[in-house]
Amino acid sequence: TKRVAIFLSGGGSNMRALVEDMTGTAQEDHPARPCVVFSNQVEAGGIAWAKARGIPTEVVDHRPFAGDRAAFEQAISAALAPHAPDLICLAGFMRKLTGDFTDQWAGRMINIHPSLLPKYKGLHTHQRALDAGDRAHGCTVHEVTAALDDGPILGQASLQVGCEDTAETLAARVLKLEHQLYPAVLRRFAAGDRSLVQLNG
Ligand code: GAR
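Put into C-alpha cells, the structure is as follows:
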C-alpha cells in the first residue's frame, strides 16, 4: 500500500475526494492510503477537515521564507519525513515548486489542473477558455515536473461549454469533474498504471 501525502492551499475539496476514495466503503482494493495532509496555509479549510477525520496534518507557512523557495521546501521535506510518504498529490496547492523538489519526487508526484492541458497553464483557466470561445473545457491530472503544469498527462475529464456559462459556473462544473477524475487517476497511478484516464461530464 502506497502512503500518500496530499498538499493543498484552500478548501481542499479534491483532497476530500481522494481521502474518501481511499478510506470509504470501496477502499478494500485501493492501492493507497492518506498518510498526511500538508498545507502552506494555517487557515486552510482542508486542514480542519483532515484533523477532524484523524488524518495527520502538517502546516508550513510560506510567508516567513520570503521568497526563499529552497528553504521553504527544506521545511516541507522535514515536515513530511516522519510520515514517510511514497507519493505526493498536489490538490489546489498554490505555491510553485523548484526543480530540486520536483526532481526529488520525479515519477512520484501528481497534480490536478483546471484546464485541458496543454491549454491554459497557470491561473484564470476558466475565463481564458471562455475568452477563447472553446466548446470543450475540463481538467487534467499530470505528473509534476520542473515546468509548471507541464508533466506527462495521466487523465483528463471534459465537458461542453454552454452559452450561459460564466467563469464561476465553469469553475463549479469542472470542480465536480475533478472529484471524479483525481481519485480514478490516483487508483491507477498508485498501482503503477500510467495509462490515460478519460472521462466526459
Ligand atoms: C481546483 O480547481 C484545482 O484544480 C485548482 O484549484 C482548485 C482547488 O480546489 N488548482 C490549481 O489551480 C493549481 N494551480 P480544492 O481546494 O477545493 O480542491
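Each residue of the sequence shown is one higher than the one before, starting from 2 at the first, in full-length UniProt numbering.
All C-beta atoms, glycine included, are put in the ideal place defined by N, C-alpha and C.
All values reported here derive from a predicted model rather than from experimental measurement.
Three-way DSSP call (helix, strand, coil) for residue i in this model
| i | result |
| --- | --- |
| K3 | strand |
| L124 | coil |
| G193 | coil |
| Q181 | helix |
| N148 | Note that residue 148 is Ala in the sequence shown, not Asn. Coil. |
| F8 | strand |
| K75 | Checking the sequence shown, residue 75 turns out to be Gln, not Lys. The answer is helix: DSSP assigns Q75 an H, G or I state. |
| I48 | helix |
| P35 | strand |
| M95 | coil |
For residue i, the nearest candidate out of the options (CA to CA)
| i | options | result |
| --- | --- | --- |
| Q181 | S78, P115, R64 | P115 |
| residue 1 | R96, G163, I56, L155 | Since the first residue shown for the chain is 2 and the last is 202, residue 1 is missing from the structure and cannot be characterised. |
| V61 | G55, R96, A85 | R96 |
| L178 | D150, G134, I113, R188 | I113 |
Exposed unless 16 or more other CB atoms sit within 10 angstroms - verdict on residue i
| i | result |
| --- | --- |
| C140 | buried |
| V20 | buried |
| A191 | buried |
beta-carbon residue i near the ligand GAR non-hydrogen atom, thresh 7 Å
| i | result |
| --- | --- |
| L197 | no |
| residue 1 | There is simply no residue 1 to check, as the chain begins at 2 and stops at 202 in what is shown. |
| I110 | Strictly speaking, residue 110 in this sequence is Met, with Ile absent from that position. No, since every heavy atom of the ligand GAR falls outside the 7 Å radius drawn around the Cβ of M110. |
| P119 | no |
| C90 | no |
Counting Cβ pairs closer than 8 Å, one from the stretch 157–171 and one from the stretch 65–81, do we hit at least three?
Taking one beta carbon from each stretch, the stretch 157–171 and the stretch 65–81 have fewer than 3 pairs nearer than 8 Å; the two do not touch.
Does the count of Cβ pairs from the stretch 165–176 and the stretch 122–137 closer than 8 Å reach three?
Contact holds: three or more Cβ-Cβ distances are below 8 Å.
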